[in-house]
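Residue numbers (the working numbering): 11 to 123.
Shown next, in the form of structure tokens:
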């Protein structure tokens with residue numbers, strides 16, 4: 011489906027209208043970037059119509075702002091593996107542990123270069 015999917019572990023902040031405003035602006039730019047730098051012709055085939063926005067129903071809440079990005083990365087990993095995102099759950103402690111793991115792995119890769 012030609013759409014923008016919002017993965018958000020804290021639906022309370024920002025408001026749905028604020029998310030829609032930002033995502034709509036990004037989707038307009040994204041269409042032109044895809045057309046220019048990608049081998050796909052989807053943007054042209056859809057006449058550069060703004061992507062629809064869908065907010066995934068994530069069944070948990072992570073309120074700490076620093077952890078929400080980590081949860082997003084964790085959800086991307088699960089999605090890449092074909093997992094159903096509506097049936098997973100994370101705690102803030104799990105997000106903090108994953109952030110520490112990613113930081114250590116990133117530092118290790120930087121030091122091995």
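Note that CB positions come from ideal geometry on N, CA and C, so glycine has one too. Remember, it's a predicted structure, so these values are computed and weren't measured experimentally.
Environment of residue 41 [buried if 16+ CB atoms lie within 10 Å]
For the purposes of this step, residue 41 is taken as residue 31 along the chain shown, with counting starting at 1. Buried, because 16 or more other Cβ atoms sit within 10 Å of the Cβ of residue 41.
Coarse secondary structure for residue 14, derived from DSSP in three states
As a working note, residue 14 is residue 4 in the chain shown. Residue 14 falls in the strand class under three-state DSSP.
Buried versus exposed call for residue 100 [16 or more other C-beta atoms within 10 Å across all chains shown]:
The residue given as residue 100 occupies position 90 in the chain shown. So residue 100 ends up on the buried side.
In three-state DSSP terms, what is residue 116?
As a first step, residue 116 must be located in the chain shown, where it is residue number 106. Three-state DSSP puts residue 116 in a helix.
The region 101–110 / the region 78–89 touching (three or more Cβ pairs under 8 Å)
Counting Cβ pairs under 8 Å, three or more are found: they touch.
Proximity winner among 112, 64, 118, 12, relative to residue 54 (alpha-carbon distances)
In the chain shown, the residue the question calls residue 54 occupies position 44. Closest option to residue 54, Cα to Cα, is 12.
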